[in-house]
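This note's numbering puts the first residue of the sequence shown at 3, with every later residue one more than the last.
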Amino acid sequence: MSPHTAPALRTGTWTVRSGRTTAAFEVRNFGVNRVRGTIPVRTGTVEVRDGEVLAVQAELDLGALDTRNARRDADLRKPTLLDSAAQPAMTFTATGARRRDDGWEVSGELRLRGTSCPLTLTVVPDGGTRVRATGTLDRAPLGMRAPRPLIGRYVRIVVEAELEPPS
């Protein structure tokens with residue numbers, strides 16, 4: 003296998019190790035500053051058959067969102083933004099995956115606040131049972147109401163996941 007070829011995965015259900023998996027985000031604030039934060043991944047699975055990714059599902063815990071600023075975190079959880087009291091989880095479900103030279107491109111649907119939007123992640127192996135997934139989320143289709151200069155429209159996402167292989 004060349005160093006630029008995605009490794010073949012063992013057939014079965016790979017499970018996300020929740021305590022060792024983070025979803026980080028970065029978004030512009032007031033047009034110039036960048037706000038960074040994390041949202042814990044509560045659960046997740048990757049279905050594999052014959053070395054190909056068939057399905058990916060993940061659930062993130064919005065109540066544990068952390069930007070290292072308690073007041074900002076409380077504002078983000080309000081009904082006009084994440085509405086985490088009414089909808090405490092955000093989910094991602096893949097609708098397709100295709101092999102790329104060094105990993106996979108996983109397209110899917112992000113569900114938040116009772117609505118959804120498309121999200122494509124570029125996934126690359128990061129040694130052994132770790133993967134790194136990156137993508138950009140357009141928050142506008144999710145109905146999050148905030149003036150664009152206050153919170154940027156596009157949110158960069160980086161997921162560092164550790165997977166438990168099937169037994």
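Even for Gly, the Cβ is constructed at its ideal location relative to N, Cα and C.
query, result
"According to DSSP, simplified to helix, strand and coil, what is P127?", "strand"
"Would G154 and R73 qualify as a contact pair, given that the criterion is a beta-carbon distance under 9 Å?", "no"
"Going by the beta-carbon positions, is the gap between A99 and A135 smaller than 9 Å?", "no"
"Looking at C-alpha atoms only, which residue of W16, E107, E49 and R115 is the closest neighbour of V126?", "E107"
"In three-state DSSP terms, what is G65?", "helix"
"Taking the alpha-carbon positions, what's the T15 to S86 distance?", "29 Å"
"Determine the direct distance from the alpha carbon of A142 to that of P81, and round the result to whole angstroms.", "15 Å"
"Nearest-angstrom Cα distance between M3 and D104?", "For M3, the predicted model reports a pLDDT of 42, less than 50, meaning its position is unreliable and no value from the coordinates is stated."
"So what does DSSP say about A88, is it helix, strand or coil?", "coil"
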